[in-house]
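Undergrad:
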Amino acid sequence: MITDFYVLVFFYLVFLKVANLIIKFAKNIQHVLASIIKETTTNVLRYSQANNMRFCFREDDNNFFLEISDDGIGFKNDKTNQSFGIEGMKKRLIDLDGQLEVISQHGVKLKITIPRKD
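Sequential numbering from 638 applies to the sequence shown in our numbering.
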């Protein structure tokens, strides 16, 4: 079941259907988003006690957006005890001039923004 999940998520990363258009992400964006999705999914399964996890892909003229959320227990947003996983995601996004916002309130929500460089 998890393997099928990863295949489905990867398919959406490669070909995203938005407003009846198929958009192909650049390979570097595919790799970063795939690693973030894998890390996030692993954390949700191990720690969150969530029943649901949601992925939302969208774009505008300037950016690609990925929002990942769950309905789990959340985590403390204490800068002295930040997760290595979150820090790793932020470091991967730096190469793409991307940003990661973490909201831990009634579960966890990650908001990822990557500028388009067409």
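Where is the CB? At the ideal position from N, CA and C, for every residue including glycine.
Quick one: Cα of Asn699 to Cα of Tyr684, how far?
TA: Taking the first residue of the sequence shown as position 1, residue 699 is located at position 62. Taking the first residue of the sequence shown as position 1, residue 684 is located at position 47. Using only the alpha carbons, I get a separation of about 34 angstroms.
Undergrad: Using CA coordinates, which residue listed in Ala687, Lys728, Ala663, Leu670 is at the minimum distance from Cys693?
TA: The count along the sequence shown starts at 1 and reaches residue 693 at position 56. The candidate whose alpha carbon is nearest that of Cys693 is Leu670.
Undergrad: Between the Cα of Ile705 and the Cα atoms of Ile751, Lys754, Leu747, which residue gives the shortest distance?
TA: For the purposes of this step, residue 705 is identified with residue 68 of the sequence shown, where counting begins at 1. The candidate whose alpha carbon is nearest that of Ile705 is Leu747.
Undergrad: In the structure shown, what three-state DSSP assignment does Lys754 receive?
TA: On the sequence shown, residue 754 is found 117 positions in, with the first residue counted as 1. Of the three classes helix, strand and coil, the one that applies to Lys754 here is coil, per DSSP.
Undergrad: How long is the line joining the alpha carbons of Leu737 and Ile749, rounded to whole angstroms?
TA: The residue given as residue 737 occupies position 100 in the sequence shown. The residue given as residue 749 occupies position 112 in the sequence shown. Distance between the alpha carbons of Leu737 and Ile749 is about 5 angstroms.
Undergrad: Report yes if the C-beta distance between Gly722 and Asn689 is below 8 angstroms; otherwise report no.
TA: Position 85 of the sequence shown holds residue 722. Position 52 of the sequence shown holds residue 689. It is not a contact, given that the beta carbons lie outside the stated cut-off.
Undergrad: May I have the straight-line CA-CA distance separating Thr678 from Arg753, to the nearest angstrom?
TA: Here residue 678 corresponds to residue number 41 of the sequence shown, with the count starting at 1. Here residue 753 corresponds to residue number 116 of the sequence shown, with the count starting at 1. If you take the alpha carbons of Thr678 and Arg753, they lie about 25 angstroms apart.
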